[in-house]
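A.B. asks: In the working numbering, the protein residues as written are 274 to 630.
This is the structure I want to talk about, given as structure tokens.
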Ligand code: NAD
């Protein structure tokens, strides 16, 4: 097996802490496979050092790497900056620069954590949903956008929702392909009753389905109903495919079904590059306290092993190690039940490492 090149971008806040734990897992894998790890800058930390949240050097090295591992970006100290240099611009920018248009966000409930969800155990037990979110277009990128002052002195803010046929086709293909490896059901979420752009979304998804994926069951749902159905009966979903903004919101909602945002990994894939990251942010409220749950980031590494590095065995080993850690009752504060003892970020990373062969 040829050497694997990974660019690690810890970013801001708890990003630094959780990525440190994930690197322990990369070092473990490095005992059997040659892995070269480089570290780079992104987000507020990058802005402080270089004046931009996405240095060119990070983009160049990200494009050359087999995969990128990202912690999180953002923090209150950068909130007064102009939008163009905010940490979050670094994240949107790297997704765009690396051509990452497909965000896979699995939401699975570990049986050991079914009680940690705010929903009833019988509603969430056994759920296994894959949210496929379009990542490089839609309202987060559409032009024109901005805030203007009208002649009457009022301000008017505007963003533009756009999708082209090919942008919808390629994300639909990813969703149908994912469903083929799962339970063969895709629910496409839109707001076709109100937004013309998502009427096109619905038409194109239907066409892609008819052309090549008749073995997959396709349904359509309006986003408001989807939010309700995710809470009412999450078991009805297998793969959900949706636009950038709807996917952003629904995947956070799905995350809470699983107990904690600190347990959820994600992959952002393009035709050439791939970036793996936990779905949560930089959690300024707990940053620097050693409390963050590193499991979403460690699960992101497992996803990287499976999807980008051709290391499915190591991916399984990491996932099984996490399951055993949970069996043994180790919990960070976000997944601990009231009165349950919890451990910190470093201890959780070490506990996973101790379960690996
Ligand atoms: P957040 O995900 O950072 O935090 C939401 C809540 O979840 C907080 O209470 C936090 O303590 C908790 N939480 C998050 N991750 C956790 C973990 N691993 N372990 C334990 N608890 C965890 O979202 P937010 O507070 O809305 O945003 C904070 C900053 O992060 C903002 O600057 C935002 O723009 C940024 N952000 C970045 C990303 C990213 O880098 N991908 C994603 C979302 C938000």
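Virtual Cβ for every residue (Gly too), placed ideally from N, Cα, C.
(1) Using 8 angstroms as the threshold, is the segment 305 to 316 in touch with the segment 598 to 606, meaning 3 or more CB pairs across them?
(2) In chain order, which alpha helix (DSSP H) runs of at least 4 residues are fully inside the segment 511 to 537?
(3) Return the CA-CA distance between residue 481 and residue 458, expressed in angstroms with no decimal places.
(4) Using a beta-carbon distance below 7 angstroms, is residue 297 in contact with chain D?
(5) Less than 7 angstroms between the beta carbons of residue 588 and residue 512, yes or no?
(6) Closer than 6 angstroms by C-beta to residue 574: which residues in its own chain qualify, once you throw out the five before and the five after it? Chain order, please.
(7) Would you decide whether residue 377 is buried or exposed? Buried here means 16 or more other CB atoms lie within 10 Å of its CB.
(8) Buried or exposed for residue 390, going by 16 or more other Cβ atoms inside 10 Å?
(9) Does the structure place the segment 279 to 287 close enough to the segment 314 to 321 that three or more beta carbon pairs sit under 8 angstroms?
(10) Could I get the ranges of all uninterrupted alpha helix (DSSP H) runs contained in the segment 309 to 364, with 4 residues as the minimum, in chain order?
(11) Three-state secondary structure (DSSP) at residue 439?
(12) With DSSP collapsed to three states, give me the class of residue 413.
(13) If we count the other Cβ atoms within 10 Å of its Cβ and call it buried at 16 or more, is residue 422 buried or exposed?
(14) Round the Cβ separation of residue 286 and residue 528 to the nearest angstrom and send it over; I've been treating them as touching at under 8 angstroms.
(15) Within the segment 435 to 479, note down every full beta strand (DSSP E) run reaching 3 residues or more, in order along the chain.
(16) I want to check one thing, is the minimum distance from the CB of residue 342 to the heavy atoms of ligand 1 below 6 angstroms?
(17) So the beta strand (DSSP E) residue 555 belongs to, where does it begin and stop?
(18) For residue 384, count neighbouring C-beta atoms within 10 Å of its own C-beta (all shown protein chains included) and say buried if the count is 16 or more, exposed if not.
(19) Taking all protein chains shown into account, do 16 or more other C-beta atoms lie within 10 angstroms of the C-beta of residue 431, making it buried, or fewer, making it exposed?
(20) Can you give the Cα-Cα distance for residue 501 and residue 552, rounded to whole angstroms?
(21) Compute the Euclidean distance between the alpha carbons of residue 306 and residue 630, then round it to the nearest angstrom.
(22) Nearest to residue 363 by alpha carbon, out of 381, 380, 344?
(23) Look at residue 518 and residue 567 and say whether their C-beta atoms are less than 7 angstroms apart.
(24) How about residue 559: is its Cβ closer than 6 angstroms to a heavy atom in ligand 1?
(25) Assuming the contact rule is C-beta atoms closer than 8 angstroms, residue 514 and residue 448 should be a hit. Round their C-beta distance to whole Å, please.
(26) Could you work out which residue in 370, 491, 603 is closest to residue 628 when comparing CA atoms only?
(27) Mapping the DSSP letters down to three states, classify residue 402 as helix, strand or coil.
(28) Name the DSSP beta bridge partners of residue 381, please?
(29) Which residue or residues does DSSP assign as beta-bridge partners of residue 493?
(30) Quick check on residue 435: buried or exposed, where buried means 16 or more other Cβ atoms within 10 Å of its Cβ?
(31) Taking 8 angstroms as the limit between beta carbons, can you name the residues of its chain near residue 324, skipping five residues before and five after?
(32) Helix, strand or coil for residue 390? Go by DSSP, reduced to three states.
(33) Beta-carbon within less than 7 angstroms of residue 615's beta-carbon, same chain only, minus the 5 sequence neighbours each way: which residues are those?
(34) Please determine, among 536, 626, 617, 409, the residue with the shortest C-alpha to C-alpha distance to residue 379.
(35) Looking at C-alpha atoms only, which residue of 579, 569, 351 is the closest neighbour of residue 595?
(36) Does any heavy atom of ligand 1 sit closer than 6 angstroms to the C-beta of residue 521?
C.D. replies: Short version:
(1) no
(2) 517 to 530
(3) Residue mapping note: residue 481 aligns to position 208 of the chain shown, counting from 1. Residue mapping note: residue 458 aligns to position 185 of the chain shown, counting from 1. C-alpha separation (whole angstroms): 14 angstroms.
(4) No chain D is present in this structure, which holds just one protein chain.
(5) Position 315 of the chain shown, counted from the first residue, corresponds to residue 588. Position 239 of the chain shown, counted from the first residue, corresponds to residue 512. Their beta carbons are not under 7 angstroms apart, which means residue 588 does not touch residue 512 by this criterion.
(6) Taking the first residue of the chain shown as 1, we reach residue 574 at position 301. Closer than 6 angstroms at the Cβ level, and outside the excluded window around residue 574, lie 295, 298.
(7) Here residue 377 is taken as the residue at index 104 of the chain shown, counted from 1. Answer is buried; the Cβ neighbour count reaches 16.
(8) Within the chain shown, numbered from 1, the residue matching residue 390 stands at position 117. Counting Cβ neighbours within 10 Å, residue 390 comes out buried, since at least 16 surround it.
(9) yes
(10) 316 to 323, 329 to 337
(11) The count along the chain shown starts at 1 and reaches residue 439 at position 166. Residue 439: helix per DSSP, three-state reduction.
(12) Along the chain shown, one-based indexing puts residue 413 at 140. It is helical.
(13) Translated into positions along the chain shown, residue 422 becomes position 149. Counting Cβ neighbours within 10 Å, residue 422 comes out exposed, since fewer than 16 surround it.
(14) Translated into the one-based positions of the chain shown, residue 286 becomes position 13. Translated into the one-based positions of the chain shown, residue 528 becomes position 255. That pair is no contact at about 18 angstroms.
(15) 458 to 463
(16) Here residue 342 refers to the residue found at position 69 when the chain shown is read from its first residue. Residue 342: no, Cβ never under 6 angstroms from ligand 1.
(17) In the chain shown, residue 555 corresponds to position 282, counting from 1. Careful: residue 555 lies outside any beta strand (DSSP E) and carries neither H nor E.
(18) Position 111 of the chain shown holds residue 384. Exposed, since its Cβ has fewer than 16 Cβ neighbours within 10 Å.
(19) Translated into the one-based positions of the chain shown, residue 431 becomes position 158. Exposed, because fewer than 16 other Cβ atoms sit within 10 Å of the Cβ of residue 431.
(20) Residue 501 sits at position 228 when you count from the first residue of the chain shown. Residue 552 sits at position 279 when you count from the first residue of the chain shown. Straight-line Cα distance between these residues: approximately 21 angstroms.
(21) Counting from one through the chain shown, the residue named residue 306 turns up at place 33. Counting from one through the chain shown, the residue named residue 630 turns up at place 357. For residue 306 and residue 630, the distance between alpha carbons rounds to 14 angstroms.
(22) By one-based count along the chain shown, residue 363 stands at place 90. Residue 344 is the option with its Cα nearest to residue 363.
(23) Position 245 of the chain shown, counted from the first residue, corresponds to residue 518. Position 294 of the chain shown, counted from the first residue, corresponds to residue 567. No.
(24) Start at 1 with the first residue of the chain shown, and residue 559 comes out as number 286. Yes, the beta carbon of residue 559 sits closer than 6 angstroms to at least one heavy atom of ligand 1.
(25) The sequence position of residue 514 within the chain shown is 241, counting from 1. The sequence position of residue 448 within the chain shown is 175, counting from 1. Between residue 448 and residue 514 the Cβ distance is about 4 angstroms, and since that is below 8 angstroms, they are a contact.
(26) Translated into positions along the chain shown, residue 628 becomes position 355. The residue with the shortest Cα to Cα distance from residue 628 is 603.
(27) Working through the chain shown from its first residue, we reach residue 402 at position 129. Strand at residue 402.
(28) By 1-based counting over the chain shown, the position of residue 381 is 108. According to DSSP, residue 381 bridges with 401.
(29) Here residue 493 is taken as the residue at index 220 of the chain shown, counted from 1. Residue 493 pairs with 461.
(30) Position 162 of the chain shown, counting from 1, holds the residue named residue 435. Answer is exposed; the Cβ neighbour count stays below 16.
(31) Walking along the chain shown from the start, residue 324 turns up at place 51. For residue 324, where only same-chain residues beyond five positions count, the Cβ hits under 8 angstroms are 358.
(32) Counting from 1 along the chain shown, the entry for residue 390 is found at position 117. In the structure shown, residue 390 sits in coil (DSSP, three-state: anything other than H, G, I, E or B).
(33) As a working mapping, residue 615 is identified with position 342 in the chain shown. Within the same chain, residue 615 has close Cβ partners 604, 605, 606, 609.
(34) Here residue 379 refers to the residue found at position 106 when the chain shown is read from its first residue. With distances taken between Cα atoms, residue 379 lies closest to 536.
(35) Taking the chain shown and counting its residues from 1, the one referred to as residue 595 is at position 322. It is 569.
(36) Here residue 521 refers to the residue found at position 248 of the chain shown. Answer for residue 521: no, Cβ out of range of ligand 1.
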